[in-house]
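Down below is the structure, laid out as structure tokens.
Next up, the structure:
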């Protein structure tokens, strides 16, 4: 009896187990295929959103248009990219809105538009337009309205006297006549190579170009070059004619002709010199950009210049920068200073992070952002940037050369991707 | 090889620059004299002519050998554009009293100038355009110790031929005589049977074709950008004021005087003050001869 009962119990237990298993499997199956999944109760963290407004003008027409008229495309590409990153700073979701207005290369219009950006649009950060001459007139707007302004391709000694508290820049004080000078790296290279003996300087008497010009004349003398010609001209944006200067240069026949003017006009100078049968051993232009290469074609071969970034720089967010350029349909060889715009956006993001650490109670106030912009210690696409108390930075230029129609970096040796070709 | 003196080189280049100023001013001049309006879009026609020439001369789609033919075709094409421009935008203004017509023409042509600038900038970009001797396949030549691009010599020869043609055309042809008659006394010319609307339209055609010539030369010798139109118009105005509005020789002399003043003062006095010196010369001429160098 006991054995029988045990057998019945065993059979019942097995049967019950099988039944439970079948029911369980069937239930699970049907639950899986016919019912909605159970609600996963995930606690959504509702972060507040802060939109950082960045305002600037660019020149869609007028003399500066060849140099920055397409920057709005890059701004849009960066804005789209950064907003996809879902940036969270200090438990706040941060979005960016970049406004680009057209100043038509007119300083008067730029002043009106920056006043509007600061007072009506209430932007959090201003970015200066191209170039220093217009930038100088906009600083009072930033100071008066206490809006941080990052000077883009605009810097000159008068800006950084310590009286202006709301402006900053990534660039070195390039008007200085020492290692910070615009062409300091170029002259180091010349000193190292020692091939050139004489140099001639022709420049335009506008803030940025004459700053570079004067700094470079001093640097040339420091390394022992004989400065055989030094002239500053009034800018002529309509139809510049350099016959008189070229005729003088033909008589002097310097090894290097150093041109401190906007790239498109350096190209016209070189073209006119060629038409008059003058070719020095080396042309040096403080800017190429825009139409320099298309205008000159093979005449540009061997010319040297400077830049803040080339694609072989591999410091920080290089790939993102290339991707954004691609999206904007822009070529860094044409829009030479576009790298400064990327650095500005990097500065803004870093300043917001730093502001949140230093001033967590009010990280997005203009004063806090401005304070952070003046204390940056960060990496950019062009290398390390430490902003100085006066507001200027440490990002300098490196010499490049046009070799076989391509732009190559020739100095310093750790960044160079080609040898410097000289007589 | 003995190098030529700087003076020879400066004179050659002064003639070239002055010649371009003169030729581009002539179109502006004849329209002003015959039709009685200030065409402030004139420099923009020069600009568009230069930029079209650039597109043709650098286009891979057009065989290298026939590019010059296409460039020359721009001249009659611009003449046709000038005819249409006059018919559509200018003719309605000419029925107004002369003072009103002049003022209206300033507004209309200035508006058209802005349209041309912005249209070109949006369609083809804002970069300045220029072609080198290399891209034209033309050599740099040396003669008598003077080194110069062959393209510059060709331009100079072209300027001389075009000026002679224009001079003969205005002096000898019926249309030229009609143009001169209208410029001297519009009412008398009409009374004598000169067809005013037709002459006005043809004058615009001729003026605009000269703008194309100026643009072609500028893009070869210097450069042209979408926003260089208005400064070119101002330069043309200066040349006409300098040379005087009395005859067609006035702008020729004015152009060469202005070009030479700019280059020679930059070389012998001070390049920094060269643009100012040109203006000073203009003011002195106006003080001494208020109606220009050649006016009686």
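Chains as they are written, first to last, in my numbering: chain X, 1 to 423; chain L, 1 to 296. Note that CB positions come from ideal geometry on N, CA and C, so glycine has one too.
In DSSP terms, what residue i is bridged to
i: residue 284 of chain X; result: X/258, X/304
i: residue 350 of chain L; result: The displayed coordinates of chain L run from 1 to 296. Any statement about residue 350 of chain L would go beyond what the structure contains.
i: residue 229 of chain X; result: X/200
i: residue 162 of chain X; result: The partner list for residue 162 of chain X (beta bridge, DSSP) is empty, contrary to what the question assumes.
i: residue 97 of chain X; result: X/53
i: residue 378 of chain X; result: X/385
i: residue 143 of chain L; result: L/146
i: residue 399 of chain X; result: X/306
i: residue 149 of chain X; result: X/126, X/167
Beta-carbon proximity check, residue i vs residue j, cutoff 9 Å
i: residue 271 of chain L; j: residue 385 of chain X; result: no
i: residue 98 of chain X; j: residue 87 of chain X; result: no
i: residue 343 of chain X; j: residue 395 of chain X; result: yes
i: residue 242 of chain L; j: residue 285 of chain L; result: yes
i: residue 129 of chain X; j: residue 59 of chain X; result: yes
i: residue 313 of chain X; j: residue 381 of chain X; result: yes
i: residue 223 of chain X; j: residue 125 of chain X; result: no
i: residue 232 of chain L; j: residue 239 of chain X; result: yes
i: residue 8 of chain L; j: residue 146 of chain L; result: yes
i: residue 47 of chain X; j: residue 92 of chain X; result: yes
i: residue 106 of chain L; j: residue 40 of chain L; result: yes
i: residue 155 of chain X; j: residue 373 of chain X; result: no
i: residue 237 of chain X; j: residue 134 of chain X; result: no
Proximal residues to residue i (C-beta, below 8 Å), its chain only, five neighbours per side dropped
i: residue 150 of chain L; result: 133, 138, 139, 140, 141
i: residue 245 of chain L; result: 29, 32, 33, 291, 292, 295
i: residue 83 of chain X; result: 95, 96
i: residue 235 of chain L; result: 21, 24, 25, 43, 258
i: residue 67 of chain L; result: 56, 57, 59
i: residue 36 of chain X; result: The predicted model places residue 36 of chain X with a pLDDT of 37, which falls under 50 and marks its position as unreliable, so this point remains unresolved.
Residues that residue i contacts on chain L, provided the C-beta gap is smaller than 8 Å
i: residue 276 of chain X; result: 9, 13, 147, 148, 149
i: residue 251 of chain X; result: 6
i: residue 236 of chain X; result: 275
i: residue 423 of chain X; result: The contacting residues do not exist; residue 423 of chain X stays about 20 Å from chain L at best.
i: residue 406 of chain X; result: Those do not exist, as residue 406 of chain X stays about 18 Å from chain L at its closest Cβ, beyond 8 Å.
Neighbourhood of residue i by C-beta, 6 Å cutoff - its chain only, sequence neighbours within 5 removed
i: residue 237 of chain L; result: none
i: residue 104 of chain X; result: 61, 62
i: residue 202 of chain X; result: 231, 245, 259
i: residue 209 of chain L; result: 75, 78, 79
i: residue 147 of chain X; result: 118, 126, 366
i: residue 121 of chain L; result: 226
i: residue 198 of chain X; result: 226, 228, 254, 255
i: residue 189 of chain L; result: 181, 182
i: residue 292 of chain X; result: 263, 267
i: residue 260 of chain L; result: 14, 18
i: residue 310 of chain X; result: 409
Residues that residue i contacts on chain X, provided the C-beta gap is smaller than 7 Å
i: residue 152 of chain L; result: 275
i: residue 202 of chain L; result: The contacting residues do not exist; residue 202 of chain L stays about 29 Å from chain X at best.
i: residue 157 of chain L; result: None at all; the shortest Cβ gap to chain X is about 15 Å.
i: residue 228 of chain L; result: 238, 239
Closer than 8 Å at the beta carbon, the chain X residues around residue i
i: residue 133 of chain L; result: 274, 275
i: residue 303 of chain L; result: With chain L covering only 1 through 296, there is no way to say anything about residue 303 of chain L.
Interface partners of residue i on chain L, CB under 9 Å
i: residue 310 of chain X; result: Residues of chain L passing the Cβ test: none, with the nearest at roughly 21 Å.
i: residue 245 of chain X; result: 266, 267, 271
Contact list for residue i against chain X, beta-carbon separation under 9 Å
i: residue 95 of chain L; result: Going along chain X, no residue has its Cβ under 9 Å from residue 95 of chain L, so there is no contact; the nearest lies around 34 Å.
i: residue 118 of chain L; result: 60, 61
Interface residues of chain L facing residue i [CB-CB closer than 7 Å]
i: residue 69 of chain X; result: 126
i: residue 387 of chain X; result: Near residue 387 of chain X there are no residues of chain L at all, since even the closest Cβ is about 32 Å away, more than 7 Å.
i: residue 206 of chain X; result: The contacting residues do not exist; residue 206 of chain X stays about 13 Å from chain L at best.
Residues of its chain near residue i, where Cβ-Cβ distance is below 7 Å and the 5 sequence neighbours each way are ignored
i: residue 261 of chain X; result: 203, 204, 209
i: residue 162 of chain X; result: 390
Chain-ordered residues of the region 168-187 of chain L with a beta carbon less than 7 Å from chain X: none
Please list the residues of the region 177-198 of chain X that have a C-beta atom closer than 8 Å to any C-beta atom in chain L, keeping them in chain order. none
Along the region 237-271 of chain L, where does the CB come closer than 7 Å to a CB of chain X? Name the residues. 262, 263, 266, 267, 271
Members of the region 98-111 of chain L that neighbour chain X once the beta carbon cut-off is set at 9 Å: none
Between the region 57-83 of chain L and chain X, which residues of the former have a C-beta closer than 8 Å to a C-beta of the latter? none
Quick one: which residues of the region 73-105 of chain X get their C-beta closer than 7 Å to a C-beta of chain L? List them in chain order. none
Where the region 294-325 of chain X meets chain L: residues whose CB sits under 9 Å from a CB there: 294, 295, 296, 297, 298, 299
Residues of the region 41-67 of chain X in Cβ contact with chain L at a cutoff of 8 Å, in chain order, please. 60, 61, 62, 63, 65, 66
Report the residues of the region 210-241 of chain X with a CB closer than 8 Å to any CB of chain L, ordered along the chain. 231, 232, 233, 234, 236, 237, 238, 239, 240, 241
Scan the region 123-136 of chain X for residues whose Cβ lies nearer than 9 Å to a Cβ of chain L and list them as they occur along the chain. none
For the region 16-49 of chain L, which residues have a CB atom closer than 7 Å to at least one CB atom of chain X, in sequence order? 17
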